[in-house]
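Engineer: A single structure is presented below for examination.
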Amino acid sequence: MNTLTNRYLAATLRSVPAQRRDEIATELRASIDDMIEGRTDGGADPATAEREVLTELGNPDVLAARYADRRLQLIGPTYYLLWLRLLKLLLSFIPALVGTIVTVVEAAEGKGFGAIGPGIVAAIQVAVQIAFWLTLTFAIIERTQTAVDLPEWTVDQLPDAPAHRRIPLADTIASVVMLVLTIGYLPFQHYNSWVHETDGGNIPILDPALWSFWLPALIVVLVASVIFEVVKYRIGRWTWALFGTKLLLDLAFTVPVAWLALSDRLLNPALAERLSWVAEADNRHSLGLAIAVGAVAIVVWDLVDTARKTRQQTTS
Amino acid sequence: MVSEDVLRTHLQELRRGTVVVASLVALRRPDYGYALLQRLTDHGFPVDANTLYPLLRRLEDQGLLTSEWNTEENRPRKFYRTSDEGESMLSRLLDDLATVQASIAGLIQGVNR
């Protein structure tokens, strides 16, 4: 009776290809017996010798994998990086997208803040599904040993060296928030300023006639400035090209504002009906001049400061 | 002070390929698994049994070894022998081993000079 050896053989042969099972069984049993005999000849107790030999041979699943030339890994080095890249790519936007759609649909059905819960649940479920099916696909590819033609790596795939970041994220966020608030204020003041007509209606601060061209044009410039801030952050430091773009954007905003203010077309004429101070032409002229001078002063100071930073960051 | 773990990994890497060479040389005289294990150990090639037994089958599958069952003794044993193909493969491997040896020797001399 050789129960331990029998159990070991059964455990090993379980996962060895069937057509060679008998042959491997005979050979392995003989080898185990030889090894045990080698120890008992040296005076060891047979039961102890058997235990030692089987311990030396180790985990039967590992031994079987070696016999079958099978890989003990879910996804090997050949496919691991591709798997990781696809996983990151898919998880980076699909769960958020599905979650948002579900939230919007639930909200449209009148659930209010209760729509957020189902959205989060849907996003998590989608993320788990993506991870599972992608990993399963790669595990199968790994095991079928089909040669998948992976594109060869070339030097052209190298990403740009990380720019030494001289533009703090906090500055970029602050700039973008300010720009977005400004964009939002332009339509907001039209419907909700602090000045009201006698019957309680709203008087816009800026001349509503400007909506035909100048205000939309200024909004376009402001949106372009938001994009500029993001691009600037990605580049990571000031360059003269960036400085030139900022100069153009600043001029595109400030020159129309200053000109409109000086030619007394910026403020709503209807304000004069409610604020007697604005009704006097001299006062309106002074106010326009103050707005124009203030806007120009801010831009000039900003451009001088930016030019100084650009010179520092392009020379060092 | 050399870390024992690091040393062990490097020795393992260095020895890995030599087990095949040693087995092909040793099996110019036919032998069965356990006896081969003993012979290799005696000649300074300590091999784990769970590495050697599957390796012999793999080399047989690759046609580098032939095998024959011997049922005359008290238990049936599978005797392996280096095939002609194994022999020509072996001479290539030995040439390469000699080249590595010569390169290392040359490198050592060059550094010491």
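Chains A and B supply the protein sequences, listed in that same order.
Each residue of the first sequence is one higher than the one before, counting from 310 in the numbering used here.
Each residue of the second sequence is one higher than the one before, counting from 1128 in the numbering used here.
For every residue, glycine included, the Cβ atom is placed at its ideal position computed from N, Cα and C.
Could you name the residues of the same chain whose beta carbon sits closer than 6 Å to that of A:Leu383, not counting the 5 residues immediately before and after it, in chain order?
Structural biologist: Hits under 6 Å: Ala448.
Engineer: Run down chain B in chain order and give the residues with a C-beta less than 9 Å from the C-beta of A:Asp331.
Structural biologist: What A:Asp331 touches in chain B: nothing, since even the nearest Cβ is about 12 Å away.
Engineer: Over what stretch of residues does the alpha helix (DSSP H) that includes B:Asn1177 continue unbroken?
Structural biologist: Taken as a continuous stretch (DSSP letters only), the alpha helix (DSSP H) holding B:Asn1177 covers Ala1176 to Asp1188.
Engineer: Distance, Cα to Cα, A:Leu406 vs A:Ala436?
Structural biologist: So the two alpha carbons sit approximately 11 Å from each other.
Engineer: When the Cα atoms are used, what is the spatial distance from A:Leu576 to A:Ile528?
Structural biologist: In a straight line, the C-alpha of A:Leu576 is about 17 Å away from that of A:Ile528.
Engineer: List the whole-angstrom C-beta distance separating A:Thr321 from A:Ala373, where the pair is believed to meet the contact cut-off of C-beta under 8 Å.
Structural biologist: Sure, about 5 Å apart at Cβ, within 8 Å.
Engineer: What does the alpha-carbon distance come out to for the pair A:Ala561 and A:Val602?
Structural biologist: If I take the Cα positions, the gap works out to 16 Å.
Engineer: Put B:Ser1210 into one of helix, strand or coil per three-state DSSP.
Structural biologist: B:Ser1210 falls in the coil class under three-state DSSP.
Engineer: Just the C-alpha distance for A:Asp469 and A:Leu396, rounded to the nearest angstrom, thanks.
Structural biologist: Looking at the two C-alpha atoms, the distance is approximately 23 Å.
Engineer: Could you name the residues that DSSP lists as bridge partners for B:Trp1196?
Structural biologist: Beta-bridge pairing links B:Trp1196 to B:Lys1205.
Engineer: Which residues in the same chain have their Cβ closer than 6 Å to the Cβ of A:Val485, if we skip the five residues on either side of it in sequence?
Structural biologist: Here the set comprises Val535 and Glu538.
Engineer: For a contact defined as C-beta to C-beta under 7 Å, what are the partners of A:Glu359 on chain B?
Structural biologist: None at all; the shortest Cβ gap to chain B is about 14 Å.
Engineer: Under 7 Å Cβ-Cβ, which residues of chain B neighbour A:Tyr317?
Structural biologist: Correct list: empty, because the minimum Cβ distance to chain B is about 11 Å.
Engineer: Anything in the region 1167-1188 of chain B with a Cβ closer than 7 Å to a Cβ of chain A? List those residues in chain order, please.
Structural biologist: Answer set for the region 1167-1188 of chain B: Ala1176, Asn1177, Tyr1180, Pro1181, Arg1184 and Arg1185.
Engineer: Listed in chain order, which residues of the region 1187-1207 of chain B have Cβ atoms closer than 8 Å to some Cβ of chain C?
Structural biologist: Absence of chain C from the displayed structure is noted, the protein chains being A and B.
Engineer: Along chain B, which residues have their Cβ under 7 Å away from the Cβ of A:Thr335?
Structural biologist: Result: Pro1203.
Engineer: Output the residue ranges of the alpha helix (DSSP H) runs that lie fully inside the region 418-464 of chain A and measure 4 residues or longer, sorted by chain position.
Structural biologist: Here the runs fully enclosed are 425-453.
Engineer: Whose Cβ in chain A lies nearer than 9 Å to the Cβ of B:Gly1144?
Structural biologist: Ordered by position in chain A, no residue passes the 9 Å Cβ test against B:Gly1144, which lies about 17 Å from the chain.
Engineer: What is the DSSP secondary structure of B:Asp1158, counted as helix, strand or coil?
Structural biologist: Residue state, collapsed to three classes: strand.
Engineer: Looking at the secondary structure, which residues open and close the alpha helix (DSSP H) in which A:Thr563 lies?
Structural biologist: Trp549 to Leu571 is the span of the alpha helix (DSSP H), which, as asked, contains A:Thr563.
Engineer: Looking at C-alpha atoms only, which residue of A:Asn501, A:Arg546 and A:Leu445 is the closest neighbour of A:Pro477?
Structural biologist: Checking every option, the nearest Cα to that of A:Pro477 belongs to A:Arg546.
Engineer: Going by other Cβ atoms of all chains shown within 10 Å of its Cβ, with 16 needed for buried, is A:Ala567 buried or exposed?
Structural biologist: Buried is the call here.
Engineer: Hey, could you find the ends of the alpha helix (DSSP H) A:Gln622 is sitting in?
Structural biologist: Residues Ala590 to Thr624.
Engineer: Between A:Arg379 and chain B, is any beta-carbon pair separated by less than 8 Å?
Structural biologist: So, not an interface residue.
Engineer: Can you name the start and end residues of the alpha helix (DSSP H) that B:Ser1130 belongs to?
Structural biologist: Segment: none, B:Ser1130 is in no alpha helix (DSSP H) and carries neither H nor E.
Engineer: Taking CB distances under 8 Å as the criterion, tell me whether A:Arg452 reaches chain B.
Structural biologist: Closer than 8 Å: no.
Engineer: So what does DSSP say about A:His505, is it helix, strand or coil?
Structural biologist: Three-state DSSP puts A:His505 in a strand.
Engineer: Tell me the DSSP bridge mates of A:Leu576?
Structural biologist: According to DSSP, A:Leu576 bridges with A:Leu515.
Engineer: Secondary structure at B:Ile1235, three-state DSSP: helix, strand or coil?
Structural biologist: Reduced to three states, the DSSP call for B:Ile1235 is helix.
Engineer: Specify the secondary structure class of A:Ser324 as computed by DSSP and reduced to three states.
Structural biologist: Looking at A:Ser324 - three-state DSSP - the assignment turns out to be coil, as it is neither helix nor strand.
Engineer: Using a Cβ-Cβ cutoff of less than 8 Å, which residues in the same chain neighbour A:Leu515 once the five nearest sequence positions on both sides are dropped?
Structural biologist: Answer for A:Leu515: Leu495, Gln498, His499, Leu524, Leu575, Leu576 and Asn577, listed in chain order.
Engineer: What's the C-alpha gap between B:Trp1196 and A:Thr335?
Structural biologist: Their backbone Cα atoms lie some 10 Å apart in a straight line.
Engineer: Just verifying my parser: in three-state terms, what is the DSSP assignment at A:Asp354?
Structural biologist: Note: A:Asp354 maps to coil in three-state DSSP.
Engineer: DSSP on A:Asp469, reduced to helix/strand/coil?
Structural biologist: Coil.
Engineer: When we look at the beta-carbon of A:Pro404 and count the other beta-carbons within 10 Å, is it buried (16 or more) or exposed?
Structural biologist: Looking at its Cβ environment, which holds 16 or more other Cβ atoms inside 10 Å, A:Pro404 is buried.
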